[in-house]
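Sequential numbering of the sequence shown, starting at 1, is according to the working numbering.
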Amino acid sequence: MEKYSQFRDKGTGIAPFFPIPTTPSGSALPFHIFLFIIRVPLLIFFMLAYFVVFAWLPIGSLGRKAALWCILGIPGIWWVDLQIDGVKKGSLTSKTIRDRLPHTSSIIVASSTSPLDSIYLAAIFDPIFTTTYPTSRFITRTSLLSSTFRAFRQPCLHPLTVDSQENASQLTTLSALIARHPKRPILLLPESTTTNGRAILPFSPSLLEAPPNVRIFPISLKYAPPDVTTPVPGWREGFRFLWNLCSRPTHTIRVRVAGPMFNTSRAETNGVKEEPEDAIEADREGRTEQQGEVMLTVEEKAVLDKAGEALARLGRVKRVNIGIKEKIDFVKLWGRRRT
Numbered sequence: 001m002e003k004y005s006q007f008r009d010k011g012t013g014i015a016p017f018f019p020i021p022t023t024p025s026g027s028a029l030p031f032h033i034f035l036f037i038i039r040v041p042l043l044i045f046f047m048l049a050y051f052v053v054f055a056w057l058p059i060g061s062l063g064r065k066a067a068l069w070c071i072l073g074i075p076g077i078w079w080v081d082l083q084i085d086g087v088k089k090g091s092l093t094s095k096t097i098r099d100r101l102p103h104t105s106s107i108i109v110a111s112s113t114s115p116l117d118s119i120y121l122a123a124i125f126d127p128i129f130t131t132t133y134p135t136s137r138f139i140t141r142t143s144l145l146s147s148t149f150r151a152f153r154q155p156c157l158h159p160l161t162v163d164s165q166e167n168a169s170q171l172t173t174l175s176a177l178i179a180r181h182p183k184r185p186i187l188l189l190p191e192s193t194t195t196n197g198r199a200i201l202p203f204s205p206s207l208l209e210a211p212p213n214v215r216i217f218p219i220s221l222k223y224a225p226p227d228v229t230t231p232v233p234g235w236r237e238g239f240r241f242l243w244n245l246c247s248r249p250t251h252t253i254r255v256r257v258a259g260p261m262f263n264t265s266r267a268e269t270n271g272v273k274e275e276p277e278d279a280i281e282a283d284r285e286g287r288t289e290q291q292g293e294v295m296l297t298v299e300e301k302a303v304l305d306k307a308g309e310a311l312a313r314l315g316r317v318k319r320v321n322i323g324i325k326e327k328i329d330f331v332k333l334w335g336r337r338r339t
C-alpha cells in the first residue's frame, strides 16, 4: 500500500478516498444472501416507480417524502440518530424547527459520502439539488436522480471542461438560484465529490455566492455500518455498495445539524460582485478562476473555514488538504490495481 501513501493527508495521515472494507458475513452469509435477493428487486421497483411516476405527479412535498422513506426503508434504514446543536433530545418544538433546521430560502451544506445522502436529505427537506466544482464559484442545478448517481461518477474539476458535460448556459450562482426558488432550501455538497467519511475535503468557493442574509446550515451524515460509503466511482463499487446496503439487516444514519451561519464575506463587500453572465464569460476565458486555483480574500477564506470546521466537528473528523485533483489520480491508480 506504499504506492498509495501520496493520497494520505500529510498533516493527519488520513486517506479519505480508500474504500472501507466490507465486514465479512461469516456464518450469516446465507441470511445476507437471502436479504439481498429479496430487497434488490423491491428497491429497483420502488426507485423506478418514484423517478418515473411519483416524481412527476402533483402529490406535493409530503407525498414525495413518504415515497422516499419507503425507498430508504427497504434496505433497512429504519433508525436515524438526529441531534441539533443547542437542542436537547426530545425537546424539538415548532420554534426549534423554524430556527434550528433548514427551511425556505436557506442553504444546506452537507457532507458527501454516499448516494444515500441525497435521498435522505430529499426525504427530510425536499431541497433544490446542485452540483459544485472545486475551482468555480458557479453551480449547476440538478435533479435528485442525478445527485444520487453522481456518487458513482468521476469527479470534475471545472464546469467548463469537456469532461463535465456541462453547458455554460446551465451555470448559475447560489444567489440566483435562491431568488428563483424562494420557497425551498438549496442543497450544496461543497466537497464536490464523495469520501469515505473519515475527513472533510477543501470546500468549493460556490458557497461564497450565498446572499449575506440567508442562513447556512452545516449538516453531517454518517452511516453505521460505514461501508455504504462510495469514495471510488465506477460500476464495481456500485455493486459493492448495493451488496453492503441490501444484505445487512439494518443501517443507522447519524445526523448532526449545526446552528445557522451567514456569508459574512459577502456582507463586508457590500454586494459588489461580478454579474453572473460576465463572470461565466470570464470563467471560460480563464481570467477570474484558473483551473486548480481560486483567488480568495481573507474574509472569504474565513467563511469556508468556518463551514468546514463545523462539518468536521459534527462528523468528529478532521479537515484535510487534499481534494479532487488527488482523487482523480487515486482513482486512475486504483483502477489499474483492479484490472
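Using N, Cα and C, we set each Cβ at its ideal position, and we do this for glycine too. Since this is a predicted model, take the numbers as computed values, not measurements.
Residues bridged to Ser98 [DSSP beta-bridge criterion]: Correcting the residue identity first, residue 98 is Arg in this sequence and not Ser. Arg98 is not bridged by DSSP to any residue.
8 Å contact criterion, which Val232 and Trp79 should meet: CB distance rounded: Rounded, the Cβ-Cβ distance is 27 Å, inconsistent with contact.
Same chain, Cβ closer than 6 Å to Leu174, five either side skipped, listed in chain order: Here the set comprises Glu209, Ala210.
Segments of 3+ residues assigned as beta strand (DSSP E) that fall wholly inside the stretch 22-109: For the beta strand (DSSP E) assignment, the uninterrupted runs of no fewer than 3 residues enclosed by the stretch 22-109 are, from N- to C-terminal side, 77-84.
Between the CA atoms of Arg180 and Arg316 - distance to the nearest angstrom: Inter-residue distance for Arg316 and Arg180 is about 35 Å (C-alpha atoms, whole angstroms).
Local conformation of Leu187 per DSSP, three classes: Here Leu187 sits in strand by DSSP.
Runs of beta strand (DSSP E) wholly within the stretch 202-247 (minimum 3 residues, chain order): As far as the stretch 202-247 is concerned, its whole beta strand (DSSP E) runs of at least 3 residues are 216-224.
Start-to-end residues for the beta strand (DSSP E) that takes in Ile124: Secondary structure note for Ile124: it is in no beta strand (DSSP E), and the uninterrupted alpha helix (DSSP H) holding it is 116-125.
Bridge-paired residues (DSSP) for Phe7: Partner(s): none; Phe7 has no beta bridge.
Rounded separation between Ala66 and Ala123 - CA only: In a straight line, the C-alpha of Ala66 is about 7 Å away from that of Ala123.
Rounded straight-line distance, which links the Cα of Ile322 to that of Lys10: Computed Cα separation, rounded: 9 Å.
Limits of the unbroken alpha helix (DSSP H) element including Arg137: Looking at the DSSP string, Arg137 is not in any alpha helix (DSSP H), and its letter there is neither H nor E.
Ile128 - containing beta strand (DSSP E), residue span: Taken as a continuous stretch (DSSP letters only), the beta strand (DSSP E) holding Ile128 covers 128-131.
Close Cβ partners of Phe149 (< 8 Å) along its chain, the five nearest in sequence each way excluded: For Phe149, where only same-chain residues beyond five positions count, the Cβ hits under 8 Å are Pro115.
Backbone CA spacing between Asp227 and Trp243 [nearest angstrom]: Distance from the CA of Asp227 to the CA of Trp243, rounded to the nearest whole angstrom, comes to 10 Å.
With 16 other Cβ atoms within 10 Å as the buried cut-off, status of Asn213: Around the beta carbon of Asn213, fewer than 16 other beta carbons sit within 10 angstroms, so the residue counts as exposed.
Glu300 to Phe262 span [Cα, whole Å]: Cα to Cα, the separation comes out at about 11 Å.
For Leu171, the residue or residues it bridges with in DSSP: Under DSSP, Leu171 takes part in a beta bridge, and its partners are Thr140.
Residue range of the beta strand (DSSP E) that includes Arg254: Taken as a continuous stretch (DSSP letters only), the beta strand (DSSP E) holding Arg254 covers 251-257.
Where Ile328 sits in the DSSP three-state scheme: Three-state DSSP puts Ile328 in a helix.
Residue burial classification, Asp117 (beta-carbon count within 10 angstroms, cutoff 16): Here Asp117 is buried: its Cβ has 16 or more other Cβ atoms, across all protein chains shown, within 10 Å.
Arg336, DSSP secondary structure in three states: DSSP places Arg336 in helix when its eight states are reduced to three.
Where Ser5 falls, given that 16 or more other Cβ within 10 Å makes a residue buried: A residue is called buried when at least 16 other Cβ atoms come within 10 angstroms of its Cβ; Ser5 does not meet this threshold and is exposed.
Reduced DSSP category for Pro155 - H, G, I as helix; E, B as strand; rest coil: Note: Pro155 maps to coil in three-state DSSP.
Own chain partners of Phe330 with C-beta closer than 6 Å, once the 5 adjacent residues on each side are dropped: Result list for Phe330: Phe7, Phe17, in chain order.
Endpoints, alpha helix (DSSP H) assigned at Arg313: Where Arg313 is concerned, the enclosing alpha helix (DSSP H) starts and stops at 298-315.
Cα-Cα separation between Arg98 and Arg64, rounded to whole angstroms: Their backbone Cα atoms lie some 21 Å apart in a straight line.
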